[in-house]
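Order-wise, the sequence lines are chains H and Z.
So for the first sequence, my numbering puts the first residue at 1; every next one is plus one.
So for the second sequence, my numbering puts the first residue at 422; every next one is plus one.
Cβ atoms here follow ideal geometry from the backbone N, Cα and C, with glycine treated the same way.
Number of protein chains: 2
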Amino acid sequence: MATRFQVLPGFRDFYPDDCAARNYVFDVWRKVSRRYGFVEYEGPMLEPTELYTRKSGAEIVNQLFCFTDKGEREVSLRPELTPTLARMAAARHRDFRKPMRWFSIGQFFRYERHQKGRGREFYQFNCDLLGETAAAADAELIALAIDLMRELGFTTEHFRLRVSDRNAWVRFAESKGLEGDGIASFLQIIDKMERTPEEKTRELLGVFGITLEAVRKLIGSGAEVSPVLAEVVENLQQRGLGDYVEVDLGIVRGLAYYTGIVFEIFDIGQGMRAIAGGGRYDQLVELIGGVDLPACGFAMGDMVITDLIRATSEPCRRLDEAIAADGAVDVWLVLADETKQAEALSLAQTLRDAGFRVALPLTPAKVVKQFQQAESSGAITAVVVGSEFPEVAIKDLAKRTETRCAAAALVGALRDLLGNS
Amino acid sequence: MATRFQVLPGFRDFYPDDCAARNYVFDVWRKVSRRYGFVEYEGPMLEPTELYTRKSGAEIVNQLFCFTDKGEREVSLRPELTPTLARMAAARHRDFRKPMRWFSIGQFFRYERHQKGRGREFYQFNCDLLGETAAAADAELIALAIDLMRELGFTTEHFRLRVSDRNAWVRFAESKGLEGDGIASFLQIIDKMERTPEEKTRELLGVFGITLEAVRKLIGSGAEVSPVLAEVVENLQQRGLGDYVEVDLGIVRGLAYYTGIVFEIFDIGQGMRAIAGGGRYDQLVELIGGVDLPACGFAMGDMVITDLIRATSEPCRRLDEAIAADGAVDVWLVLADETKQAEALSLAQTLRDAGFRVALPLTPAKVVKQFQQAESSGAITAVVVGSEFPEVAIKDLAKRTETRCAAAALVGALRDLLGNS
């Protein structure tokens, strides 16, 4: 052997336990989305590079896995889904009742420095509501985001959803005489304020004739500065979700395409990155696809949330339970008499046809060893096929009890015991 | 607007119905795998190009989406999973009980001419049993492959699994004095026989001093030419799956790494490509990862099987049913009195917390229109919140019946009606 192959830096192998953890998060994303009447869609992993430069400018190329394909096309592994969504929605928006409630779960790629909570590939949940301008749409989306967290086992102790209205800042900037690019630059300053030294912020604001005090005053005010924001907050209170929500006008979101309500979910006390974020983007579908389709949406990546689950007791318990359940079979078939192999195989087929998860020995092994394997595997029951066949023994491996039944009655007996299938 | 963006050639957009169809196939793959005690894993979408050239030679590069990344690494979008599996299994084989029963569902990329049943991207189910040389392992895998087809609704009318043993050919070739590369070249001739004019095959075989008649005689013989093949067939008969299986020594599989039993699933009568294929590859993990781990596995792509489902009545019915169920909510909340919005939102939250899929109006609309929307959406029930609140009406939209209950009793009433959650 020359080289031993390794996974590329920033990429991940998902061994079975990792994959079960990934699937658990996917299942929660899917389950909660469906409760809100959202349907799943997916776009291609590879898109024309221009789809991203159109929206975000040429500098995005530095973060892209981009290349020239064998047909001389400039293509990129997708760094995000929103441009694809805009392309797809614009192309076929007439085929769908509005509002469109769409979600997606897929993988994305960004060539950046490998760091905690962010790899060069990651999975992301995207959830968008298209064709509705009412504040109730923003609230519906925010409620869904909160319910994702609740379904994972997080409570008001663990996270807050901070909501803001970019338009409050646009109106503020306009009142100070700014317009166009000036407003965009001003929003960038607000976005970076928390991570910028105070003196620097003061200086940057000074260029626009705005004081840090005036900015702080707006940040300190509540939902009353924006009727839309007030409506969103009231809507969430009516749902009983008010305790999860905090008005924080310091949130403006970096991306230029947001046009109204914006929000982010933050953990409390773990100091991680934002867990999810999104907002209203009423002009993007027009920009990408030439169709006027107002929309709001948000995204949640798999890496930060999984780190947070692992660091929090109840969410971690639920995850571990899901991982254990994923790997365990319902029935470990123990062959106690090798002359009964044909009967054991036929029985395995019957159980599998009935929907049970069944493991069976592929080579002869001592009965004691077969039981050891069954127990260490986490199997729920062992069914022993031996010389008494067609009578078989069912062992409940957790309770360590044994019952006997006819092979023909085994499906019913197992259904009673396992309470499912 | 300058350009309208389009999906790249050979790539697919999955609009909600397409995505539901995809997920239905994924669910069947997952469900049946779990019945066989298999656990899911996943590897990275991007791997070092050498991982593929090591196994398949430099010419594979012509079919790869390969490029140089920003860190000067030669990388490729994965064209198949087996090399990644071999890498992963070799790296951590000590952590897993043998045999390892692993499956994976993911996307793959090949730069080839776009044609029916094959795009430049496709999803593929991979299923492998590692660490077991017994013929019972090959049979277990083949049984799983057959059960995938059965679970989709296919019967003996629709498909056959053709099974063969490459070693029967190796022994034949050896008896004719061939060895090493000669055997490999000979196997290539057998693999391509069906698609090659008879005279050409005769000529190619002649080089090795072998007659077409001798080859046809071996193809015409049955499982008795290989004890392992006979054991696999008997095992499948004991499971009651004999009718799905056909010994066909004409199957040798193109890839050089197979070392024993090989098999393919073919449709009957539709003339499509092979639906699935695989076999034993006892040396590949050693080649890629330097660890002696005998294995067998198979793969099934999403495109041919989906075409076949669409072309076959019962499988198509199951698929359509799954698509319809995917898009429908349990409850369409109808707001008949706008002063009850807070109550309706609170009720929606309660129902969603209980696991129901609920749609609700985001803007005021006439009651008649809300009902029309509910019905055209395929919703199962409509729940009317009106001036009688806290009494609500439940309409069963299929049966067109109405019942009334207290809002506080709604979760129970809906569970009775929907028979689930």
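Cα atoms of residue 168 of chain H and residue 59 of chain H: separation of roughly 29 Å, rounded to the nearest angstrom. Excluding sequence positions up to five before and after residue 170 of chain H, its CB lies within less than 7 Å of the CB of 183, all in the same chain and listed in chain order. Across the set H:72, H:70, H:53, the C-alpha of H:53 shows the shortest separation from the C-alpha of residue 63 of chain H.
Taking one beta carbon from each stretch, the region 523 to 530 of chain Z and the region 491 to 507 of chain Z have 3 or more pairs nearer than 8 Å; the two touch. Around residue 346 of chain H, the beta-carbon contacts reaching into chain Z at under 8 Å are 659, 660, 661.
When beta bridges are read from the DSSP output, residue 440 of chain Z appears opposite no residue.
For residue 731 of chain Z, the uninterrupted alpha helix (DSSP H) segment begins and ends at 723 to 731. Scanning chain H for C-beta atoms nearer than 7 Å to the C-beta of residue 500 of chain Z yields nothing, as the closest lies near 13 Å away. By the CB criterion at 8 Å, residue 81 of chain H and residue 164 of chain H fall outside the cutoff. Ranking Z:744, Z:608, Z:486, Z:427 by CA distance to the CA of residue 71 of chain H puts Z:486 first. Chain order gives the chain Z residues near residue 288 of chain H as 426, where near means a beta carbon separation below 7 Å. Here the region 269 to 278 of chain H makes contact with the region 305 to 318 of chain H; the two share three or more CB pairs at distances below 8 Å. In this structure residue 151 of chain H is in contact with residue 31 of chain H, their Cβ atoms being roughly 7 Å apart against a cut-off of 8 Å.
Between the alpha carbons of residue 191 of chain H and residue 185 of chain H lies a distance of about 10 Å. In this structure the region 797 to 806 of chain Z touches the region 748 to 766 of chain Z; the number of beta carbon pairs closer than 8 Å is three or more.
Taking CB atoms only, residue 160 of chain H has no neighbour in chain Z less than 8 Å away. Pairing residue 103 of chain H with residue 179 of chain H gives a Cβ-Cβ distance that is not under 8 Å. Taking a C-beta distance under 8 Å as the contact criterion, residue 15 of chain H and residue 301 of chain H do not qualify as a contact pair. Contact between residue 730 of chain Z and residue 665 of chain Z does not hold, since their C-beta atoms are separated by about 17 Å, which reaches or exceeds 8 Å.
Per DSSP, the unbroken alpha helix (DSSP H) holding residue 415 of chain H starts and ends at 410 to 418. With contacts defined as CB atoms closer than 8 Å, residue 162 of chain H and residue 263 of chain H qualify as a contacting pair.
DSSP places residue 521 of chain Z in no alpha helix (DSSP H) but in the uninterrupted beta strand (DSSP E) bounded by 521 to 530. For the set H:23, H:175, H:36, the Cα lying nearest the Cα of residue 773 of chain Z is the one of H:36.
Going by DSSP, residue 70 of chain H is part of no beta strand (DSSP E) at all; its letter is neither H nor E. Taking residue 87 of chain H as reference, the option from Z:447, Z:504, Z:506, Z:429 with the minimal CA-CA separation is Z:429.
For residue 581 of chain Z, the beta-bridge partners assigned by DSSP are Z:687.
With 16 or more neighbouring CB atoms inside 10 Å of its own CB, residue 433 of chain Z falls in the buried class.
Across the region 391 to 413 of chain H, no CB contact with chain Z closer than 7 Å is found for any residue. Excluding sequence positions up to five before and after residue 471 of chain Z, its CB lies within less than 8 Å of the CB of 495, all in the same chain and listed in chain order. Residue 678 of chain Z sits in coil when the DSSP states are folded into three classes, being neither helix nor strand. For chain H, the residues of the region 476 to 492 of chain Z that bring a beta carbon within less than 7 Å of one of its beta carbons are 486, 488, 490, 491, in chain order. Under the Cβ distance rule, residue 363 of chain H counts among the residues neighbouring chain Z, one pair being separated by less than 8 Å.
When the beta-carbon positions are compared, residue 136 of chain H and residue 322 of chain H stay at least 8 Å from each other. For a Cβ distance threshold of 9 Å, nothing in chain Z lies close to residue 372 of chain H: the least Cβ distance comes to about 11 Å. Any Cβ of chain H closer than 8 Å to the Cβ of residue 747 of chain Z would place that residue at the interface, and such an atom is present. Put simply, of Z:717, Z:565, Z:712 the residue whose alpha carbon is nearest the alpha carbon of residue 449 of chain Z is Z:565.
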